[in-house]
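Residue numbers (full-length UniProt numbering): 1 to 92.
By construction, the Cβ of each residue, glycine as well, lies at the ideal position given by its N, Cα and C atoms.
Report on one structure; see the data block that follows.
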C-alpha cells in the first residue's frame, strides 16, 4: 500500500496534471471568437489558471507549502475551468 503524498508533492502533481490536460500555452486558445459564441471566456479562464499555476510553482520553490484548503480550492478552480473549456469545445 502506497503512502499519501505530502502537500508539496500533491501540489506539484496537480500542477503537472493541469499542464498536461489544459492548453495553457496554446496560441489558438488565447484568441476571442469573432462571433461571440463562447460560453464563458476561455481566454480569461486559462489566464486565471495560468496565474494560479505560476503562483503555486513560485511559492513551492520558495518553500511555502499550501494548506489543505488552498490545495482544494486550486483543484476545484482547475476542474471548473476544464468544464468550461469542454463546453466551448476546446478540450475533450
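Going by beta carbon distance, what residues of the same chain come within less than 7 Å of residue 12, once the five residues before and after it are set aside?
Along the chain shown, read from residue 1 onward, the residue named residue 12 stands at position 12. By the criterion of a C-beta distance shorter than 7 Å, residue 12 is surrounded in its chain by 60, once the five residues flanking it on both sides are discounted.
Unbroken alpha helix (DSSP H) run spanning residue 3, endpoints:
Numbered from 1 along the chain shown, position 3 holds the residue referred to as residue 3. Per DSSP, residue 3 belongs to no alpha helix (DSSP H) and is neither H nor E.
Which one of 89, 53, 64 and 67 has the shortest CA to CA distance from residue 20?
Reading the chain shown from its first residue, position 20 is the one you call residue 20. Shortest Cα-Cα distance from residue 20 to any of 89, 53, 64 and 67 involves 53.
Under the three-state reduction of DSSP, which class applies to residue 84: helix, strand or coil?
Your numbering for residue 84 matches position 84 in the chain shown. Here residue 84 sits in helix by DSSP.
So, is residue 18 buried or exposed, given that buried needs 16 or more other C-beta atoms within 10 angstroms?
Translated into positions along the chain shown, residue 18 becomes position 18. Residue 18 comes out buried.
Verify whether the separation of the beta carbon atoms of residue 45 and residue 89 is less than 9 Å.
Numbered from its first residue, the chain shown carries residue 45 at position 45. Numbered from its first residue, the chain shown carries residue 89 at position 89. Cβ atoms of residue 45 and residue 89: not closer than 9 Å.
For the alpha helix (DSSP H) containing residue 23, list its first residue and its last residue.
In the chain shown, residue 23 corresponds to position 23, counting from 1. Boundaries cannot be given for residue 23, as no alpha helix (DSSP H) includes it and DSSP labels it neither H nor E.
Leaving aside the five residues before and after residue 68 along the sequence, list all residues of the same chain whose C-beta is less than 8 Å from its C-beta, in chain order.
Here the question's residue 68 lines up with position 68 in the chain shown. So the qualifying residues of the chain are 7.
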